[in-house]
Amino acid sequence: MSKKKQKPNRPKARRPRGFEDKTADVFRTEARLIEAAFSVYDLNGFEPLQTPAFEYADALGKFLPDEDRPNTGVFALRDDDDQWMSLRYDLTAPLARYVAENYDGLAKPYRRYQAGSVYRNEKPGPGRFREFVQCDADSVGAPGSAADAEMIMMAADVMRAVGLKAGQYQVRVNNRKLLDGILESSGVPNTEDGAVQRLQVLRAIDKLDRLGSDGVEALLGEGREDESGDYTQGAKLGANAIKAVLGFTVASGTGRGETISNLEKLVGTSERGLAGCQELRDIDTILSAVGMGSERVAFDTSIVRGLGYYTGPVFEVELLTDIKDRKGRPVQIGSIGGGGRYDDLVSRFRGQPVPATGFSFGVSRLLSAMERLGSLENETKPPIFITVFDRSLLGQYFKMAEEIRAAGMRAEVYVGTGNLTKQMKYADRRGIQLAVIMGEDELARGEVTIKDLVLGAEMAKAISSNEEWKSARPAQSVVQRENLVGSLKDMLAS
RNA sequence: GCCGCCUUAGCUCAGUAGGUUAGAGCGCCGGUUUGUGGAACCGGAGGUCCUUGGUUCGAGACCAAGAGGCGGUACCA
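Okay, so the first sequence: first residue is 130 according to our numbering, each after it adds one.
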């Protein structure tokens, strides 16, 4: 009988996992990071480009969505003409498509920068999202090491531009050709036949920091079983090859020059390996000439990058600041950027070879690291708050707001309902510092009351009784209406 | 995908051996105070105890499956 509570069957308000709402602090900081990176790219002569979030799936890479499982790795859907479209998973593949599509009209090397959300249909984790923002610069059409050095220097400069100090980050550079050379001498052919094995080796080395050399050794050989009992197939290299690869990963010396010397001994007579050494030498020459020392850019043979498409120099930007979770345990957020040479990506669309190199700055990664470090700063000041005492004076209130805005300050008139009590509570919650009150009393005298809520809260600590609190009306002053803007400015400055 | 842990109010959590109407603190809303945010006091709203099925006279509690969260591992073209 008492069935008055029929289930309304409302939808649950919930956000898809791996997708984040960006609140004011985060959003403003993100915009600042992007702006900082853009200014570096721009100063280097790069031009902006914006491409759409969707691309035809076949343009995005070798990956083509399966009819049964169209969404592994990427988010894909079918257009009304039955073509598969995918949300971009990075900004590099769309660039390759753009360049290939507009090849003849572009001055080469074509150098562009771009920021935007990219999407990956993977399991989210700390610092890993299904939608996240990257801010890239790429250079298409330049085969030489100068273009790679340019990317590496910009990567370091972007880190500085976003506010990181020397010692808080380091760009770590390696060259795929070195590993190719070592694998070649170890019997893994540098052709399609060895591609799968080479990729497995790359992924194994990529896990060096997490699994240690024992774990990587297992992955290079037969395979490895983790604590949870999951088994990973290994690359099945021979004992000598494993030794050579592991030896390579620890070949970094204390300086860039020393590392190159170590590497030259390791690669022996391999043509590809020697070419890799020469490229690093060329890069070092440029970096040294501009005074970029190994504190900011180091050569590190344990850096490989998990992606298969790199063909030459590769690098990652490591955030060196320690990150701790709520329980004080260290959290690895991984690299906050990386890049390298990918000479085959644009060539896919065209017969001829098109060299390319680029850098991708993981804005969301850095942002979530900053969030964990508690170093998000909201530099935007709260608006001046104009209370609505008398609705018939709304026009005058908005007039005041206009004057304040014209002086370059944020200002808002209360557009909600409720008396002054409610308005003051709202202002308090908004973190507002200055509130303007003008009722009939002030109006008659040509005055306005300005209240400093921050100061008021401070003074309130010494007041315990409500009577006292009410009669004191702490931290407010009465000024002439025509001096409103000037007074507000003075109060903000003091 | 695989393994482990977790899921009670907006948040943090209690809930004893299965037994009426499921609690606390904080937060939120309202009032004391219709020209003033704090404090204090008073009052109020808010729960399909993640879901479904099972065991039982009786399940928030026990069992099973599923979903979601967290962590690890794999994948990440």
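Backbone N, C-alpha and C define an ideal beta-carbon position, used for all residues, glycine too.
Burial state of residue i (16 or more Cβ within 10 Å)
i: Asp338; result: exposed
i: Tyr218; result: buried
i: Thr509; result: exposed
i: Glu279; result: buried
i: Pro512; result: buried
i: Asp267; result: buried
i: Leu496; result: buried
i: Lys580; result: buried
i: Pro645; result: Nothing about residue 645 can be reported from this structure: the residues present for the chain run from 130 to 623 only.
i: Thr388; result: buried
i: Ser600; result: exposed
i: Ser381; result: buried
i: Glu408; result: buried
i: Ser274; result: buried
i: Tyr438; result: buried
i: Tyr642; result: A query on residue 642 cannot be resolved here, the shown segment of the chain reaching from 130 to 623 and no further.
i: Tyr360; result: exposed
i: Gly560; result: exposed
i: Val335; result: In the sequence on display, residue 335 carries Asp and not Val. Classification of Asp335: buried, given that the 10 Å Cβ count is 16 or more.
i: Leu621; result: exposed
i: Ala591; result: exposed
Candidates the options, of which the one nearest residue i by Cα
i: Leu523; options: Met499, Ile561, Glu569; result: Glu569
i: Phe488; options: Leu331, Leu293, Met283; result: Met283
i: Phe258; options: Glu159, Phe148, Ala153, Gly547; result: Phe148
i: Asp519; options: Glu500, Thr546, Ser504, Arg534; result: Thr546
i: Asp208; options: Gly310, Ala225, Leu220, Ala186; result: Ala186
i: Ser423; options: Arg434, Leu403, Thr440, Val446; result: Val446
i: Asn303; options: Lys599, Ala188, Arg289, Cys406; result: Cys406
i: Tyr232; options: Gly270, Ser215, Arg249; result: Gly270
i: Phe204; options: Leu216, Asp210, Gln212, Asp211; result: Leu216
i: Arg157; options: Lys294, Asn612, Leu505, Gly402; result: Leu505
i: Pro484; options: Gln299, Gly491, Val475, Val492; result: Val475
i: Pro272; options: Asp411, Asp154, Gly292, Thr450; result: Asp411
i: Gly615; options: Ile592, Leu584, Met529; result: Met529
i: Leu395; options: Lys306, Gly585, Asp322; result: Lys306
i: Gly585; options: Thr398, Glu571, Ala564, Glu596; result: Ala564
i: Ala167; options: Ala225, Ile281, Cys264; result: The identity of residue 167 in the sequence shown is Phe, whereas the question assumes Ala. When only C-alpha atoms are compared, the closest one is Cys264.
i: Arg479; options: Gly468, Gly386, Thr383, Val228; result: Val228
i: Val433; options: Asp472, Asn548, Phe377; result: Phe377
Residue i in three-state terms, based on DSSP
i: Thr516; result: coil
i: Ile281; result: helix
i: Phe527; result: helix
i: Tyr555; result: helix
i: Met620; result: helix
i: Asn319; result: coil
i: Met538; result: coil
i: Arg385; result: helix
i: Gln407; result: helix
i: Ile579; result: strand
i: Ala236; result: coil
i: Ala427; result: strand
i: Met421; result: coil
i: Thr158; result: helix
i: Asp309; result: helix
i: Ala205; result: strand
i: Gln179; result: coil
i: Gln609; result: strand
CA-to-CA distance, residue j to residue i, given in whole angstroms
i: Val544; j: Leu582; result: 19 angstroms
i: Glu532; j: Arg146; result: 44 angstroms
i: Met567; j: Arg574; result: 10 angstroms
i: Thr111; j: Val379; result: Here the chain has residues from 130 to 623 only, and residue 111 is not among them.
i: Val330; j: Leu349; result: 6 angstroms
i: Ala142; j: Thr152; result: 17 angstroms
i: Gln605; j: Thr578; result: 7 angstroms
i: Ile163; j: Glu541; result: 28 angstroms
i: Ile515; j: Lys252; result: 47 angstroms
i: Arg249; j: Phe261; result: 9 angstroms
i: Leu416; j: Pro318; result: 33 angstroms
i: Gly537; j: Glu576; result: 22 angstroms
i: Arg470; j: Leu206; result: 31 angstroms
i: Ala222; j: Leu449; result: 29 angstroms
i: Thr180; j: Ala364; result: 38 angstroms
i: Arg332; j: Ala160; result: 33 angstroms
i: Asn391; j: Gln299; result: 21 angstroms
Near the ligand GDP: residue i beta-carbon under 7 angstroms from a heavy atom
i: Val607; result: Within the structure as shown, the ligand GDP is missing, as the structure has no ligands at all.
Legend entry - Validate contact between the segment 235-244 and the segment 166-173 using beta carbons, cut 8 angstroms, 3 pairs: Contact between the segment 235-244 and the segment 166-173 is present: three or more C-beta pairs spanning the two stretches fall below 8 angstroms.
Inset, instruction - Count the CB pairs spanning the segment 360-378 and the segment 307-317 that are closer than 8 angstroms, and state whether there are at least three. - result: Because the criterion of three Cβ pairs below 8 angstroms is met, the segment 360-378 and the segment 307-317 touch.
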